[in-house]
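Reviewing the structure listed below.
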Amino acid sequence: MTENAAPTARRSRFGAPLPAAFFEPPTELVARALLGAVLECDTPEGRASGRVVETEAYLGAHDEACHAVVGHTPRTAPLFGAPGTAYVYLIYGMHWCFNAVTRPQGHPSAVLVRALEPLEGVALMRRRRPRARRDEDLTNGPAKLCAALGIGPEHNGRGLQRPPLVLRAGTPVDDAAVLVTPRIGITRAAELPLRFLLRDSPFVSRTPPHFVRKPYAA
DNA sequence: CATTTGATGTTCT
DNA sequence: GAACATCAAATGC
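Per my numbering, the first sequence starts with residue 13, numbered consecutively.
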């Protein structure tokens, strides 16, 4: 019995888990590199996964928009942890959002995953998000994708290299397919171009009309 | 299409 | 007491 041992240990159809070293470089580079990766979440109800199509970089203790500006507190503790761990937080008292922690231990930075293209478990996602009318609305926002995949506080601080929550290597994304804009929904350091998205994906969140969209330059 | 508003509770000033 | 890395519904073009 070496295969199919348990539902939560099911093999993935996608790439290998991204190693901790993947998350160590400067956060804006990790945010760009995460486009095309696969985020996968196993729960007792089943597996749901999606391809990353939109991210934002939060650069650390000196980034006024990063939660770590307030220092090491119970809430921000996971941001100071090892690269490749999950930071899951509650926003507006009702929605969970998911980040992958970046940079070496003690450097509190992270990438917010803002949108996915659904891959596995679409029927499960529809049950979890009954108000989504179209498949494009299942995971096209940071709180929507957490609801659809079943990501919550139980995942906060966990490593992303093994189930239940895993980030896997995915299909490479060409620079020409990437657009950069300011980050969404923040008031401090709002002008910095740190949001990365796939130009032609119908699964990205809406870009405010006045935002500058520019091609990605490596 | 764009813009506004209400819901909800934790964190921080 | 205010702010908040949001969402969905409702209103105005």
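Where is the CB? At the ideal position from N, CA and C, for every residue including glycine.
1. Below 8 angstroms on the Cβ atoms is my contact criterion, and I expect V64 with A49 to pass it. Report the Cβ-Cβ distance as a whole number of Å.
2. For P194, which option in A77, T114, R170, S24 has the closest C-alpha, if you only look at C-alpha atoms?
3. Could you give the C-beta distance for F208 and A127, rounded to a whole number, given that I count them as a contact under 8 angstroms?
4. Report yes if the CB atom of V123 is closer than 8 angstroms to the CB atom of A43, and no otherwise.
5. Kindly indicate which residue of P95, N168, I103 has the alpha-carbon position closest to the one of I198.
6. List, from N- to C-terminal side, the alpha helix (DSSP H) runs of 4 residues or more that fit wholly inside the stretch 140-165.
7. Which residues share a DSSP beta bridge with N111?
8. Less than 8 angstroms between the C-beta atoms of L150 and R139, yes or no?
9. Taking a contact to mean a Cβ-Cβ separation below 8 angstroms, would you say A98 touches L51 in this structure?
10. Which of the three DSSP states, helix, strand or coil, is assigned to T55?
11. My parser needs the beta strand (DSSP E) runs of 3 or more residues fully inside the stretch 165-197; what are they?
12. Would you decide whether D224 is buried or exposed? Buried here means 16 or more other CB atoms lie within 10 Å of its CB.
13. What residues are listed by DSSP as bridge partners for P130?
14. Does DSSP classify V50 as helix, strand or coil?
15. When DSSP labels each residue in this structure, what does L209 get in the three-state scheme?
16. Could you tell me which of Q117, K156, V178 sits nearest to S217, measuring between CA atoms?
17. With a CB to CB cut of under 7 angstroms and the five nearest residues on each side skipped, what residues in its chain are close to A60?
18. Select from D187, R23, A181, P116 the residue whose C-alpha is nearest the C-alpha of P95.
19. What number of angstroms, rounded off, separates the C-alpha of P120 from the C-alpha of V190?
20. Residues in the same chain with beta-carbon distance under 8 angstroms from R25, minus the five sequence neighbours each way, listed in chain order, please.
21. Taking the alpha carbon of A80 as the point to measure from, which residue in N111, P56, H222, P142 has its own alpha carbon closest?
Straight from the coordinates:
1. Yes, they are in contact, since the Cβ atoms of V64 and A49 sit about 5 angstroms apart, within 8 angstroms.
2. It is A77.
3. Not a contact, Cβ separation roughly 11 angstroms.
4. yes
5. I103
6. 154-161
7. Its beta-bridge partners are Y99, L124.
8. no
9. no
10. strand
11. Here the runs fully enclosed are 177-180, 190-193.
12. Rather than Asp, the amino acid found at residue 224 in this sequence is Val. That one is exposed.
13. Paired residues: G62.
14. strand
15. L209 falls in the strand class under three-state DSSP.
16. The shortest C-alpha to C-alpha distance from S217 to any of Q117, K156, V178 is the one to K156.
17. C53, E132, G133, L136, M137, A160, L161, G162
18. P116
19. Answer to the nearest angstrom: the Cα atoms are 26 angstroms apart.
20. E132
21. N111
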